[in-house]
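S.K.:
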Ligand code: SDX
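In the working numbering, the protein residues as written are 13 to 444.
1) Return no unless some Cβ of chain C is closer than 8 Å to the Cβ of residue 349.
2) Specify whether the segment 67-76 and the segment 224-233 touch according to this definition: at least 3 beta carbon pairs, one from each stretch, less than 8 Å apart.
3) Is residue 248 near ligand 1, going by C-beta to nearest heavy atom under 7 Å?
4) Tell me where the beta strand (DSSP E) around residue 35 begins and ends.
5) Quick check: the segment 262-279 against the segment 150-163, are there 3 or more CB pairs under 8 Å?
6) So does residue 148 have its beta carbon nearer than 7 Å to some heavy atom of ligand 1?
7) When you compare each of 116, 278, 216, 164 to residue 132 by their alpha carbons, which one comes out closest?
8) Using CA coordinates, which residue listed in 426, 444, 439, 437 is at the minimum distance from residue 49?
9) Determine the DSSP secondary structure at residue 392, reduced to helix, strand or coil.
10) Would you decide whether residue 21 is buried or exposed? Buried here means 16 or more other CB atoms lie within 10 Å of its CB.
11) Give the secondary structure of residue 50 by DSSP, where H, G and I count as helix, E and B as strand, and everything else as coil.
12) Between residue 405 and residue 99, what straight-line distance do the alpha-carbon atoms span, to the nearest angstrom?
13) Look at the alpha carbon of residue 166 and the alpha carbon of residue 249, and state the distance between them as a whole number of angstroms.
14) Can you pull the DSSP bridge partners for residue 90?
15) For ligand 1, is there a heavy atom less than 7 Å away from the beta-carbon of residue 157?
16) Just confirm the distance between the C-beta atoms of residue 416 and residue 252, as a whole number of angstroms; I'd bet it's less than 8 Å.
17) Would you mind reading off the limits of the alpha helix (DSSP H) that contains residue 341?
18) So what's residue 267 in DSSP terms, helix, strand or just coil?
19) Grab the span of the beta strand (DSSP E) containing residue 476 for me, first residue to last.
20) Looking at residue 318 and ligand 1, is the gap between the Cβ and the nearest heavy atom below 7 Å?
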């Protein structure tokens, strides 16, 4: 971030003629920002931007998105290259440390993560308190938030060492907890992690393996799982990441902070959309009914939205959706499966992208549009889809939290435009 001192914006109050000169800050790429940190002190006015559509809440070096061009970079590397040439452990290292690891550094990182995958045995007891039909995201919120009860040894958020240990523990244990949530829901025993498996293969083993049989995760499915994790790893200051930053700004411990991110991701407008896409495709059922649902999506009086479509930032194809669509073909071909939902999704995409309503509003498929089809083909139930998104996004959340804590800027405390009652005297009950 550079304070381009020769670049300023002048704001003039048309009622009083008073002006204030505001600095413009330039990033490495993307829109410059008008620094309004002194605006209230200089003018007695707040800015007003509900939903933060035009607000930069922080500076960050992790992820860059160009919504118009459909570009997504992690530490400068294009998501297409990372998805096709890297692996999730390497992307985790990249997000945490800023550069791709050397072979030795990668091996050490993988060893560290692998040897933190087990959870305290008493965590198993938490699951007993949930109904078997509890939504697994409810379990994730509860269990991840409770992790801090087991790690008093390293939760000093002001210690770089403790922050890194917490990051390692969260990245390592989130797949174990996610798999436990699935096992609990189907009444099968929990599977312990295996240190001889890769991160993605280990997750498939803990999810689909059973104690009574040997389960060797299919290497192609493990690779597909790993690629799906990469595609969900981080995404700038989205709703759940902003939740993580706000929660972390109070000094809350990293486990509570990630639990807050999980809770925010759960919503159908955000990470819950992948589950909602499958539900929507099942509702549509047949290509002949697509026009009926497209009409509903376009009706301003109908709350129905085309799930998996549109994005606050992308006004072009979400690059992740393109990769996910290719992966859907690969996985279904590998499994020798044909899912009518894939054809339905393709036809829905084709019709929507030819419809002026979607074209004018620049509504394209996003990361959630095709992911559910792959996950369903891999054997995951629909209610696990957002859990997988949370699993993969944990590295992004904790890396954004770590970046914020390395340069803390105090507690996030937005102001408001007050629209309530002016002060008025209390009226006793017998006078009302
Ligand atoms: C994720 O932020 C991130 O980076 C998130 C994410 C990440 O990796 O963290 O990318 C993950 O959350 C992806 C988005 C998943 N959500 C969905 O697929 C749910 C369906 N999409 C919509 O709810 C919506 O597109 C949002 C919430 C994603 C974005 O909403 P915006 O930017 O607030 O869009 P908007 O409301 O300004 O929409 C502009 C217009 C409106 O119509 P008009 O008032 O102009 O007539 O487009 C319409 C909207 O009604 N619109 C849609 C639509 N999305 C927007 N109409 C029909 N179907 C849709 N999906």
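For every residue, glycine included, the Cβ atom is placed at its ideal position computed from N, Cα and C.
M.R.: Taking the definition as stated:
1) As a matter of chain content, chain C is missing from the structure shown, which is built from one protein chain.
2) Too few Cβ pairs lie closer than 8 Å, so no.
3) For ligand 1, at least one heavy atom lies less than 7 Å from the Cβ of residue 248.
4) Note, residue 35: beta strand (DSSP E), 31-38.
5) With the cut-off at 8 Å, the segment 262-279 and the segment 150-163 touch.
6) It does not: the Cβ of residue 148 is nowhere closer than 7 Å to a heavy atom of ligand 1.
7) Per the Cα distances, 164.
8) Nearest option by C-alpha distance: 426.
9) Three-state result, residue 392: coil.
10) Exposed, by the Cβ-count rule.
11) In the three-state reduction of the DSSP assignment, residue 50 falls in the coil class.
12) Distance between the alpha carbons of residue 405 and residue 99: 14 Å.
13) Between residue 166 and residue 249, the C-alpha separation is close to 27 Å.
14) Answer by DSSP bridge pairing, in chain order: 85.
15) Result no, Cβ not under 7 Å from ligand 1.
16) The beta-carbon separation of residue 416 and residue 252, rounded to 14 Å, does not stay under the 8 Å limit for a contact.
17) For residue 341, the uninterrupted alpha helix (DSSP H) run begins and ends at 331-347, by DSSP.
18) DSSP places residue 267 in the helix class (H, G or I) of the three-state scheme.
19) Because the chain in this structure spans residues 13 to 444, residue 476 falls outside the shown range and cannot be described.
20) Yes; taking the cut-off as 7 Å, the Cβ of residue 318 has a heavy atom of ligand 1 nearer than that.
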